[in-house]
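First comes the structure, then the notes that go with it.
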Amino acid sequence: EILSRRLSYSLVWFPGSADMITRMRCATFVLLVIPLHTNAVIDKFEGKCEKLFNPWLRARYMGLFWPSTSGPSVGKSYILKYEYQEFFANQPAWLEEYFDHKKKRAKIKAVSLGVEFVDIYDFAAQTVTSYKARKPSTSGWDPQTQDECGIYDIKKFRSKYLHMGFPCAPKHSKTCKMPTAEQALRYGGLYKYSLKRSVIDSSTRNIKSKLYTACIEDEFLNGTYESYYYWGGKDLSFPFPSGEKEMPVYVEQHGKYWNQTKEHDYRTTKNIPWYQKDPPFSDDMFQIPPSMHCHSYTKLHKFPAMPGSFSFTQEEIGFTLNSTGFLEGGFSPLSLKRIWYSNNLTYARVDMKPSQEDKVGPILKNVKGINGHVSIVLDYTYDLAFLAHSANDECQILPIDKDFFLCNGEGNKCEKIGREKLFGMTGNLSYKGKYKESGIEGETWSRLEVDEKNPKIKSRHEVSFQAATPQVESNSARKEFIPIQQADYREKISEEQDKQEFKQEVRIINYYEFNRTQPELDVYVKHPCLQRYKSKLYTLEFDGPGLAETNKARFLPQLWKAIKNVCKPETMLRFELLDLRSPVWISEKVVYMRILDPFKKNETKTDTFF
1 EILSRRLSYS
11 LVWFPGSADM
21 ITRMRCATFV
31 LLVIPLHTNA
41 VIDKFEGKCE
51 KLFNPWLRAR
61 YMGLFWPSTS
71 GPSVGKSYIL
81 KYEYQEFFAN
91 QPAWLEEYFD
101 HKKKRAKIKA
111 VSLGVEFVDI
121 YDFAAQTVTS
131 YKARKPSTSG
141 WDPQTQDECG
151 IYDIKKFRSK
161 YLHMGFPCAP
171 KHSKTCKMPT
181 AEQALRYGGL
191 YKYSLKRSVI
201 DSSTRNIKSK
211 LYTACIEDEF
221 LNGTYESYYY
231 WGGKDLSFPF
241 PSGEKEMPVY
251 VEQHGKYWNQ
261 TKEHDYRTTK
271 NIPWYQKDPP
281 FSDDMFQIPP
291 SMHCHSYTKL
301 HKFPAMPGSF
311 SFTQEEIGFT
321 LNSTGFLEGG
331 FSPLSLKRIW
341 YSNNLTYARV
351 DMKPSQEDKV
361 GPILKNVKGI
371 NGHVSIVLDY
381 TYDLAFLAHS
391 ANDECQILPI
401 DKDFFLCNGE
411 GNKCEKIGRE
421 KLFGMTGNLS
431 YKGKYKESGI
441 EGETWSRLEV
451 DEKNPKIKSR
461 HEVSFQAATP
471 QVESNSARKE
481 FIPIQQADYR
491 EKISEEQDKQ
501 EFKQEVRIIN
511 YYEFNRTQPE
521 LDVYVKHPCL
531 QRYKSKLYTL
541 EFDGPGLAET
551 NKARFLPQLW
561 KAIKNVCKPE
571 TMLRFELLDL
581 RSPVWISEKV
591 VYMRILDPFK
601 KNETKTDTFF
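Just so you know, full-length UniProt numbering puts 372 at position 372 of the sequence shown, and the rest follows in order with no gaps.
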């Protein structure tokens with residue numbers, strides 16, 4: 001009987017279709033086709049599996065005809081690592097299962113002949129991330145598998161690489177609920193196992209084990225098979241490497257499954273060296289490699305909406321990686337910038353320590369001797385920018401270049417850059433997952449571009465955000481997103497005779513001190529450049545209640561807007577409201593203001609406004 005079992009062959013199948021089996025044979029023959037050699041002595045079930053009703057009637061009668069003995073508990077979550085074997089294959093496969101029931105996520109990974117196949121299930125988001133990668137890759141960045149990842153709707157997902165997976169429970173529900181650990185392992189719960197006997201032989205690695213058997217009616221597989229679980233370790237004086245005192249060391253299952261009305265053989269074995277019950281999990285266990293991009297085939301993850309106005313600091317660094325994944329020349333700090341952005345105003349400001357690229361770029365290329373910090377303020381409705389240079393205390397008024405990084409870059413003039421473009425949130429970005437960037441937990445989106453002229457040149461763009469709930473700015477519980485990082489990876493493979501060389505140029509922008517509130521008007525109108533410009537001091541007197549004085553912080557910006565509507569200057573950067581006073585010797589309110597001289601010869605003269 002043992003010899004006949006060794007010579008019999010069958011094909012294993014999990015939920016899917018007959019077409020999937022064809023794809024498995026074509027796409028992953030190496031992984032799925034494995035010879036089965038077992039030394040385990042399999043006892044007959046005395047006809048229990050054979051004598052059940054037709055397969056479409058069996059589920060309702062499961063567990064009603066024979067008594068069961070409660071075996072070891074598998075808990076609610078687990079980590080399982082094992083050597084997987086089945087018929088029609090010439091190589092074994094190493095598999096790992098991560099089942100985190102608390103956070104509604106699971107992962108199954110298989111490695112065979114240097115190729116890693118991974119499916120990551122997110123039952124909370126109703127998505128599956130599936131990818132393959134070479135193991136080990138030539139470096140931490142593997143350009144050949146860069147576009148081998150996809151994110152799918154969990155109900156529509158059919159793995160391209162693995163015919164195993166975690167079923168939806170119940171099977172025919174509209175949404176895919178996470179199964180229990182018992183359903184995933186086909187052990188415990190509704191699967192009634194009986195203690196058969198104690199076993200110690202080569203199949204259990206000479207570990208004294210207890211054999212539990214059951215006839216499984218598998219609604220997910222649509223099959224019936226005999227299941228043998230060998231649990232060892234309870235009588236040992238030392239724990240297993242995983243830290244458990246008892247664990248399944250060997251599993252064998254064989255029987256039949258039905259695809260519609262066609263019957264197929266089913267036979268698998270698992271040689272298990274590692275098992276953990278209810279272990280701690282980290283987010284890293286359920287993430288794709290940081291260097292990989294995933295194409296999104298689902299719209300379940302929406303891109304974050306940024307607040308309308310904000311200010312932040314960004315640090316830009318650059319470096320190059322060689323084919324071994326090591327740095328060439330170390331890190332290069334490029335620039336440091338502090339940026340103010342207002343959605344309801346036409347102004348923007350940046351204080352920065354410019355990079356060499358910035359110095360020869362738009363606006364700054366017209367200034368000589370920049371060796372320190374500069375500050376630039378601009379009005380998008382005006383065609384001049386105002387630059388203050390800390391090194392020589394100079395103020396320069398320069399034409400705005402539409403290619404300046406705070407401009408949209410389209411059209412014939414500088415138009416206000418959109419929030420999405422400012423943070424790299426443009427293009428066909430796909431949700432990647434949750435990662436730690438600069439030590440901060442956030443969510444990442446990525447985009448992959450291939451050079452049309454040279455397909456060996458690829459560029460990967462990524463943006464990462466942190467979720468935060470507003471405390472002061474909003475009374476709603478809606479989550480706002482703040483930026484963590486923006487990164488660009490340019491990868492190139494050069495060929496010289498029989499040698500290939502891989503290099504990756506990396507630029508990273510890290511964000512700090514992100515403030516979601518509206519910048520004060522003084523940030524723009526009290527710019528250092530404007531403070532030193534020639535001006536005249538005026539007073540505006542009017543009768544008004546004490547309410548104006550007690551609400552000065554709100555009154556002055558409203559007065560500033562009224563002056564804009566009435567006077568209609570070329571740019572309101574010429575007006576600075578200094579203060580509001582109520583002298584005791586007069587009844588009027590007094591506003592002190594500066595009006596700057598025209599920046600151009602043909603502009604409205606100062607005295608014309610009054």
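C-beta atoms are modelled at their ideal positions from N, C-alpha and C, and glycine is treated no differently. Computed from a predicted model, the values in this text were never measured in an experiment.
Whole-angstrom distance between residue j and residue i, CA atom to CA atom
i: SER282; j: SER198; result: 36 Å
i: PRO483; j: GLN466; result: 6 Å
i: residue 611; j: PRO279; result: This structure cannot speak to residue 611, because the chain is shown only from 1 to 610.
i: LYS109; j: VAL118; result: 4 Å
i: THR213; j: GLU449; result: 53 Å
i: THR106; j: VAL523; result: With the sequence shown as reference, residue 106 is identified as Ala, and Thr is not the correct amino acid for it. Looking at the two C-alpha atoms, the distance is approximately 49 Å.
i: ASP358; j: LYS103; result: 45 Å
i: ASN412; j: ASP383; result: 11 Å
i: GLN485; j: ASN510; result: 5 Å
i: PRO557; j: GLU520; result: 9 Å
i: TYR98; j: GLY427; result: 33 Å
i: LEU190; j: GLU86; result: 26 Å
i: SER77; j: SER446; result: 31 Å
i: SER464; j: THR539; result: 49 Å
i: LYS589; j: ARG554; result: 15 Å
i: PHE303; j: ILE397; result: 38 Å
i: GLU513; j: PHE502; result: 36 Å
i: ASP100; j: PHE123; result: 10 Å
i: CYS567; j: ILE363; result: 29 Å
i: GLN91; j: GLY318; result: 43 Å
i: GLU246; j: GLY232; result: 5 Å
i: GLU452; j: LYS160; result: 27 Å
i: GLY361; j: SER355; result: 10 Å
i: SER323; j: MET178; result: 41 Å
Residue i (DSSP reduced to helix, strand or coil)
i: PHE502; result: strand
i: MET352; result: strand
i: PHE610; result: coil
i: PHE123; result: coil
i: GLU226; result: strand
i: ALA181; result: helix
i: THR469; result: Summary for THR469: the model assigns pLDDT 49, below 50, so the residue's position carries little reliability; its value from the coordinates is reported in the next sentence. Reduced to three states, the DSSP call for THR469 is coil.
i: ASP218; result: strand
i: CYS407; result: strand
i: CYS149; result: strand
i: ALA169; result: coil
i: ILE563; result: helix
i: CYS529; result: helix
i: PRO557; result: helix
i: MET247; result: strand
i: PRO143; result: Because the pLDDT of PRO143 is 49, which lies under 50, any placement of that residue in the model is unreliable, and the number read from its coordinates should be weighed accordingly. Note: PRO143 maps to helix in three-state DSSP.
i: LYS256; result: strand
i: LYS277; result: strand
i: ARG105; result: strand
i: THR269; result: strand
Any non-hydrogen atom of the ligand COA within 7 Å of residue i CB
i: MET593; result: With respect to small molecules bound, the structure shown includes none, and the ligand COA cannot be examined in it.
Cβ-based neighbour list, residue i, same chain, cut-off 6 Å, excluding 5 preceding and 5 following
i: MET292; result: CYS149
i: LEU422; result: none
i: HIS373; result: LYS353 and SER390
i: ARG490; result: SER459 and GLU505
i: THR346; result: ASP379, TYR380 and THR381
i: ALA93; result: LEU31, TYR84, ALA110 and SER112
i: ARG532; result: CYS395
Rounded Cβ spacing between residue i and residue j (contact assumed at less than 8 Å)
i: GLY75; j: ALA181; result: 6 Å
i: THR298; j: THR127; result: 6 Å
i: LYS492; j: LYS456; result: 7 Å
i: SER342; j: PRO528; result: Not a contact, Cβ separation roughly 19 Å.
Own chain, CB closer than 7 Å to residue i, minus 5 neighbours either side, in chain order
i: THR606; result: LYS536, ILE595 and ASP597
i: GLU473; result: Confidence at GLU473 is low in this model, with a pLDDT of 43, below 50, so the placement of that residue should be treated as unreliable; the coordinate-derived value is given next. Cβ within range, chain order: ARG516 and THR517.
Cβ-based neighbour list, residue i, same chain, cut-off 8 Å, excluding 5 preceding and 5 following
i: PHE610; result: TYR538
i: ILE288; result: VAL118, ILE120, THR129, TYR131, CYS149, CYS294, LYS432 and GLY433
i: MET572; result: ASP379, VAL525, TRP560, ILE563 and LYS564
- Task: Indicate whether the contact test is met: 3 or more Cβ pairs, each with one atom in the segment 295-313 and one in the segment 325-340, closer than 8 Å.
- Result: yes
- Message: With three or more beta-carbon pairs closer than 8 Å as the criterion, would you say the segment 567-578 touches the segment 588-596?
- Response: yes
- Message: Below 8 Å, how does it come out for the segment 258-265 and the segment 401-414: are there three or more Cβ pairs, yes or no?
- Response: no
- Message: Quick test of the definition: if touching needs 3 or more C-beta pairs under 8 Å, does the segment 340-351 touch the segment 361-372?
- Response: no
- Message: Pairs of beta-carbons, one from the segment 266-279 and one from the segment 415-431, closer than 8 Å: are there three or more?
- Response: no
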